[in-house]
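What follows is a single structure, written as structure tokens, with notes after it.
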Amino acid sequence: MYERLCRGEHTHDYKDKHKLVCRYKTNNDPLLLINPAKEEEIYLDPYLVAYHNVISDYELAVIKSIATPKLGRATVHNAKTGKLEFAHYRVSKSAWLRPDDDIVIERVNKRISAVTKLEMDTAEDLQIANYGIGGHYEPHFDFARKPNSVLGQVNGNRIATFLVYKEESNAFKGLNTGNRIATWLSYMSDVEAGGATVFPYIGVKIFPKRGMAAFWYNLYKNGDGIYDTRHAACPVLVGTKWVSNKWIHERGQEFRRPCGLKADD
């Protein structure tokens with residue numbers, strides 16, 4: 001499905017498309033009252049939205065200029081050790097930017113917090129990624145998965161148990177901020193061909209657009225992973241692609257996104 005989505009061969013007929021809306025979003029936050037976020041709903045379950053023109057050209061230029069000399073081969077978190085390592089399924093260059101690198105980074109972090117209503121103090125630093133020709137990131141989850149048991153049954157009796165996903169609880173252990181509760185993905189450039197973000201399990205495809213950001217929750221309110229958020233970055237065919245990732249963690253969200261009244265919320 002990943003390859004088909006990237007090639008444009010699969011078109012998903014979303015049955016709830018008529019329920020999707022666009023809105024100006026302020027959250028009654030002073031940062032957004034004068035310049036509201038332009039929100040477009042893309043999918044309802046899992047909840048996936050896009051924010052248009054949420055980062056200015058000036059901010060993008062500053063972020064690129066700071067990140068460029070720091071770019072190195074992109075890494076991924078090792079699920080067992082929690083350490084960063086190289087992986088063949090991610091072909092790009094990346095750099096990490098802290099709020100004290102420039103006031104623009106701090107400003108962008110505050111805007112993300114205003115739009116999402118989530119705490120940024122426990123989020124990871126802003127990761128900048130640059131994809132050249134052929135650059136891609138194969139299907140993956142942003143959150144650390146827990147073992148999931150699937151039971152085979154005959155006439156109501158359990159006959160087998162299969163462990164579907166390996167234990168990844170140590171993926172972010174060194175950060176001491178819990179799992180990645182949400183992802184904010186900013187597109188810092190247009191791409192001439194290729195480079196779309198695709199969600200194979202739900203058949204969604206998002207084309208990069210300069211100044212736009214995509215946002216989704218990786219976890220339910222009870223902390224369980226939302227597996228339909230598995231996504232990928234399609235290979236860049238023509239041009240270059242710049243994005244930034246802000247991975248937001250569980251710690252500090254207790255009152256901003258509290259648990260539901262039901263165990264399965």
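The letter at position 68 of the sequence shown is residue 68 when you use UniProt numbering, and the numbering goes up by one with no holes.
In this text, a Cβ means the ideal position worked out from N, Cα and C, and glycines have one as well.
For the alpha helix (DSSP H) that contains I105, what are its first and last residues? In the sequence shown, the residue the question calls residue 105 occupies position 105. Looking at the DSSP string, the run of the alpha helix (DSSP H) that includes I105 is 103 to 116.
Using the rule of at least 16 other Cβ atoms within 10 Å of the residue's Cβ for burial, across every protein chain shown, is R256 buried or exposed? Taking the sequence shown and counting its residues from 1, one reaches residue 256 at position 256. By the neighbour-count criterion, in which 16 or more other beta carbons inside 10 Å mark a residue as buried, R256 falls on the exposed side.
For S94, the three-state DSSP class (helix, strand or coil): The residue labelled residue 94 in the question sits at position 94 within the sequence shown. S94 falls in the strand class under three-state DSSP.
Taking just the CA atoms, how far does R90 sit from T75? The residue you call residue 75 lines up with position 75 of the sequence shown. The residue you call residue 90 lines up with position 90 of the sequence shown. Taking the straight line joining both Cα atoms gives about 8 Å.
In this structure, how does DSSP classify Y174 when only helix, strand and coil are distinguished? Within the sequence shown, numbered from 1, the residue matching residue 174 stands at position 174. What sits at residue 174 in the sequence shown is Gly, not Tyr. Helix at G174.
Name the two residues that bound the continuous alpha helix (DSSP H) containing V238. Reading the sequence shown from its first residue, position 238 is the one you call residue 238. From DSSP, V238 is part of no alpha helix (DSSP H) but of the beta strand (DSSP E) over 236 to 238.
Would you kindly report the start and end of the unbroken alpha helix (DSSP H) that includes A67? Residue mapping note: residue 67 aligns to position 67 of the sequence shown, counting from 1. It spans 57 to 67 - the alpha helix (DSSP H) in which A67 sits, taken as one unbroken run.
With a threshold of 7 Å between beta carbons, is V204 in contact with chain D? Considering every chain present, this structure includes no chain D. It has just one protein chain.
Comparing alpha-carbon positions, which option in K110, A263, Y217 lies nearest L44? For the purposes of this step, residue 44 is identified with residue 44 of the sequence shown, where counting begins at 1. The option with the nearest alpha carbon to L44 is Y217.
Please work out which residues of its chain come closer than 6 Å, Cβ to Cβ, to G260, disregarding the five sequence neighbours upstream and downstream, and give them in chain order. Here residue 260 is taken as the residue at index 260 of the sequence shown, counted from 1. These residues qualify, in order along the chain: K221.
Using the rule of at least 16 other Cβ atoms within 10 Å of the residue's Cβ for burial, across every protein chain shown, is D13 buried or exposed? Residue numbering aside, residue 13 sits at position 13 when the sequence shown is read from its first letter. When all chains shown are included, D13 counts as exposed.
Distance, Cα to Cα, V204 vs L5? Counting from 1 along the sequence shown, the entry for residue 204 is found at position 204. Counting from 1 along the sequence shown, the entry for residue 5 is found at position 5. Going by the C-alpha atoms only, they are around 8 Å apart.
Measure the CB-CB distance between V238 and A196 and report whether it falls below 7 Å. On the sequence shown, residue 238 is found 238 positions in, with the first residue counted as 1. On the sequence shown, residue 196 is found 196 positions in, with the first residue counted as 1. In this structure, A196 does not lie closer than 7 Å to V238 by Cβ.
Rounded straight-line distance, which links the Cα of A37 to that of L60: By 1-based counting over the sequence shown, the position of residue 60 is 60. By 1-based counting over the sequence shown, the position of residue 37 is 37. Roughly 17 Å between the two C-alpha positions.
By the three-class DSSP mapping on this structure, what secondary structure does V154 have? Counting from one through the sequence shown, the residue named residue 154 turns up at place 154. Residue confidence for V154 is low, a pLDDT of 45 falling below 50, so the modelled location carries little weight; the figure read from the coordinates is stated next. Three-state result, V154: strand.
What is the rounded straight-line gap between the Cα of R73 and the Cα of K19? Numbered from 1 along the sequence shown, position 73 holds the residue referred to as residue 73. Numbered from 1 along the sequence shown, position 19 holds the residue referred to as residue 19. Going from the Cα of R73 to the Cα of K19 covers about 41 Å.
Helix, strand or coil for K17, going by three-state DSSP, please let me know. Indexing the sequence shown from 1 puts residue 17 at position 17. In this structure, K17 counts as helix in the three-state DSSP scheme.
Helix, strand or coil: how does DSSP classify Y24 here? Your numbering for residue 24 matches position 24 in the sequence shown. Strand.
Which two residues bound the contiguous beta strand (DSSP E) that contains L126? The residue you call residue 126 lines up with position 126 of the sequence shown. That run of the beta strand (DSSP E) goes 126 to 131.
Which residues mark the beginning and the end of the alpha helix (DSSP H) in which R4 is found? Stepping through the sequence shown from its first residue, residue 4 is reached at position 4. Looking at the DSSP string, the run of the alpha helix (DSSP H) that includes R4 is 2 to 7.
Classify Y227 as helix, strand or coil using the three-state DSSP reduction. Within the sequence shown, residue 227 is the residue found at index 227, counting from 1. Residue state, collapsed to three classes: helix.
Out of curiosity, what's the CA-to-CA distance linking N176 and L32? Taking the sequence shown and counting its residues from 1, one reaches residue 176 at position 176. Taking the sequence shown and counting its residues from 1, one reaches residue 32 at position 32. If you draw a straight line from the Cα of N176 to the Cα of L32, it comes to about 31 Å.
Alpha helix (DSSP H) segment containing P30, residue limits: What you label residue 30 is simply residue 30 of the sequence shown in a count that begins at 1. Counting along the chain, P30 sits inside the alpha helix (DSSP H) bounded by residues 30 to 33.
Using 8 Å for Cβ pairs, my map puts A214 next to I55. What's the rounded Cβ distance? In the sequence shown, the residue the question calls residue 214 occupies position 214. In the sequence shown, the residue the question calls residue 55 occupies position 55. Not quite, the Cβ-Cβ distance comes to about 12 Å (not below 8 Å), so this is no contact.
Does any heavy atom of the ligand MN sit closer than 6 Å to the C-beta of Q127? Only the bare structure without any ligand can be found here, which leaves the ligand MN out of the picture.
Please state if the CB of P139 and the CB of A263 are separated by a distance shorter than 7 Å. For the purposes of this step, residue 263 is identified with residue 263 of the sequence shown, where counting begins at 1. For the purposes of this step, residue 139 is identified with residue 139 of the sequence shown, where counting begins at 1. Going by C-beta atoms, A263 is not nearer than 7 Å to P139.
Cβ-based neighbour list, P258, same chain, cut-off 6 Å, excluding 5 preceding and 5 following: Locating residue 258 in the sequence shown gives position 258, where the first residue counts as 1. So no residue of the chain qualifies.
Cβ of R230 within 7 Å of Cβ of Y187? Looking up residue 230 in the sequence shown gives position 230. Looking up residue 187 in the sequence shown gives position 187. Taking 7 Å as the Cβ cut-off, R230 and Y187 do not qualify as a contacting pair.
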